[in-house]
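Number 116 in my numbering belongs to position 88 of the sequence shown; there are no gaps in the numbering.
No residue lacks a Cβ here, since even glycine has one placed at the ideal position from N, Cα and C.
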Amino acid sequence: ANFKYIGGNDDFDVRSNQWGFGSGLETYFSVSPKFDLLLTTGIDYMQESDLQGHDTSYSPDGITGNERNEYTYEDADKAINQPKLEFRFMLGLKYNL
């Protein structure tokens, strides 16, 4: 995420190495000999991850570097809005050669 403050006083990136896993289902419905209707659904789960930006870092286990007064990992995570659970849904057409 990139943050730019009013008047250009500060411009910095917040980085994270978040990882996770997911699962999903996919099915096809024949519409015609050349086309299938595609339906896909799934869910992804992401682990909490360290947040680093500017000269500060916050970790889910409470370890911080150059932290701000009374500002915690939970505050930083809420500001960045890291994904925890993501639901996916796709509807499409498949062309059969």
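Report, in whole angstroms, the separation of the C-beta atoms of residue i and residue j, which I expect to be a contact under 8 Å.
{"i": "residue 94", "j": "residue 84", "result": "5 Å"}
Can you check DSSP and say which residues form a bridge with residue i?
{"i": "residue 90", "result": "According to DSSP, which records beta bridges pairwise, residue 90 is partnered with nothing at all."}
In the DSSP assignment, find the beta strand (DSSP E) that holds residue i and state where it starts and stops.
{"i": "residue 56", "result": "48–58"}
By DSSP, does residue i sit in helix, in strand, or in coil?
{"i": "residue 83", "result": "coil"}
{"i": "residue 114", "result": "strand"}
{"i": "residue 62", "result": "coil"}
{"i": "residue 43", "result": "strand"}
If you follow the alpha helix (DSSP H) that residue i is in, where does it begin and where does it stop?
{"i": "residue 101", "result": "101–108"}
Measuring straight from C-alpha to C-alpha, what distance separates residue i and residue j?
{"i": "residue 55", "j": "residue 66", "result": "6 Å"}
{"i": "residue 92", "j": "residue 105", "result": "13 Å"}
{"i": "residue 48", "j": "residue 116", "result": "15 Å"}
{"i": "residue 44", "j": "residue 58", "result": "42 Å"}
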